[in-house]
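Residue numbers (this note's numbering): 34 to 123. Glycine included, C-beta positions come from ideal geometry on N, C-alpha and C. Being a predicted model, the structure only gives us computed values, none of them experimental. All remarks here apply to the structure that follows.
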Amino acid sequence: MAALPRSARFGRIARNPRVCGGEPTIKGTRIPVRSIVIEYQRYHDLEWVRAGYPQLDVPTIQEALTFYEAHREEIDRSIAENEEEDEGAD
């Protein structure tokens, strides 16, 4: 069986230059994948993440985490850049 194209593998993830600067988000929302990753890294609990984002189901959260694994360098860079921005705002 041939590998699915990336867009098919991550059907719940979207990139739109007019939404969050084009960074990967959950399709139909303004929730960046990096936000899901940060919460999961903090608590290591899918249900905890789901409680924080009640509009998302567990399979969508899992897909965001799988997307992170496939794009770790990009998402880690986005996390670092946003942390620097937050620190500069203080």
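Roughly how many angstroms separate the alpha carbons of residue i and residue j, rounded to a whole number?
i	j	result
I112	D78	19 angstroms
E118	R42	31 angstroms
E114	E106	12 angstroms
R110	E116	10 angstroms
L37	Y76	Reliability of the predicted coordinates at L37 is poor, the pLDDT of 46 falling under 50, and no value is obtained from them.
R83	I108	20 angstroms
Between the Cα of residue i and those of the options, spot the shortest distance and give me the residue it belongs to.
i	options	result
R45	E118, I64, W81 and Q74	I64
Q74	K60, Q95 and L89	Q95
K60	E102, A103, D90 and W81	D90
What is the C-beta distance between residue i and residue j, in whole angstroms, given that I count them as a contact (C-beta under 8 angstroms)?
i	j	result
F100	P57	6 angstroms
A97	V66	5 angstroms
Among the residues of its own chain, which have a CB less than 7 angstroms from the CB of residue i, if the five just before and after it don't count?
i	result
G85	E72
T93	R45 and I59
Leaving out five residues before and five after residue i in sequence, what residues of the same chain have Cβ atoms less than 6 angstroms from its Cβ?
i	result
R31	Lying outside 34 to 123, the shown extent of the chain, residue 31 is not represented and no answer is given.
Give every residue of the same chain whose Cβ lies closer than 8 angstroms to the Cβ of residue i, excluding the five residues on either side of it in the sequence, and list them in chain order.
i	result
C53	R63 and P65
V70	A97, L98, Y101, I108 and I112
4-residue-minimum alpha helix (DSSP H) runs that sit fully inside the stretch 65-95, ordered along the chain: If we require 4 residues or more, the alpha helix (DSSP H) runs fully inside the stretch 65-95 come out as 66-76 and 79-85.
Pick out the complete alpha helix (DSSP H) segments inside the stretch 38-64, 4 residues or longer, and give them in chain order. Those alpha helix (DSSP H) runs which fall completely within the stretch 38-64 and span 4+ residues are 39-42.
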